[in-house]
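> What follows is a structure written as structure tokens; I'll ask about it next.
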Amino acid sequence: MRKVDAPGAGWYPDPQHRARLRWWDGLDWTDIKRSPPSSAELEASEELARFMKQNELVASAPPPGARPPGGWNRQDAEELISEVRSAARQEVERAAQQFSDRATTAVRGISPLISEYTSQVTKWIRRAIIIAIILLVAYFVFQVIAQASFFEWLGDRIDNLTDESSRAP
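The opening position of the sequence shown corresponds to residue 22 in the numbering used here, with each subsequent residue numbered one higher.
Printed below as a string of structure tokens:
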């Protein structure tokens, strides 16, 4: 078969397995396969074809008061081009502003991971320092109480020793 006689690229029944479709690239079969379209897919494609046909009819109809293609002079064509350019610029600027606004909103909503982990580490270090201070204060209070009681006990023992030795013959 000649290349000019070959069908255009598209989905065709697979010559090796009729229950599925295979992609023909215009020159040869590819390895891309799929199941036949469902009735919903067929209806959607028909609806799309009707829609496209209606749009072609609307687009092909000249607007009221429009000049035929040969009726435009250079000045009218330049005015039309400048209007189209300004409309396109305005649309691009609007889209850029909208994109910028969305990007700014997205950036504000994102907190850097380093600050999140740093704040967690700082929080744990503060807790550890507070616990260490509490334990240190408790240790010193215990030491003061323990030493006071120890010295009181020792003083009592010494007093008892001296009292007993003074009574001894």
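A virtual CB, placed ideally from N, CA and C, is assigned to each residue, including glycine.
How long is the line joining the alpha carbons of Ala-65 and Asp-26, rounded to whole angstroms?
Whole-angstrom Cα-Cα distance: 30 Å.
> Roughly how many angstroms separate the alpha carbons of Tyr-33 and Phe-72, rounded to a whole number?
About 24 Å.
> Evaluate Trp-174 with the Cβ neighbour count: other Cβ atoms within 10 Å of its Cβ, from every protein chain shown; 16 or more gives buried, anything less gives exposed.
Looking at its Cβ environment, which holds fewer than 16 other Cβ atoms inside 10 Å, Trp-174 is exposed.
> Taking the alpha-carbon positions, what's the Arg-178 to Tyr-160 distance?
One C-alpha to the other measures close to 26 Å.
> Starting from Lys-54, follow its DSSP beta bridges and name the residues at the other end.
Arg-43, per the DSSP bridge assignment.
> Between the beta-carbon of Trp-45 and the beta-carbon of Ala-61, is there less than 8 Å?
No, they are not a contact pair.
> Considering Cα atoms alone, identify which of Leu-48, Asp-49, Thr-183, Ala-40 is closest to Pro-58.
Pro-58 has its Cα closest to that of Ala-40, out of Leu-48, Asp-49, Thr-183, Ala-40.
> Could you give the uninterrupted runs of the beta strand (DSSP E) lying entirely in the region 159 to 184, keeping only those of 3 residues or more?
Segments of the beta strand (DSSP E) lying fully in the region 159 to 184: there are none.
> Between which two residues does the alpha helix (DSSP H) containing Leu-101 stretch?
Unbroken alpha helix (DSSP H) run through Leu-101: 95 to 129.
> State the start and end residues of the unbroken beta strand (DSSP E) segment that holds Pro-133.
Segment: none, Pro-133 is in no beta strand (DSSP E) and carries neither H nor E.
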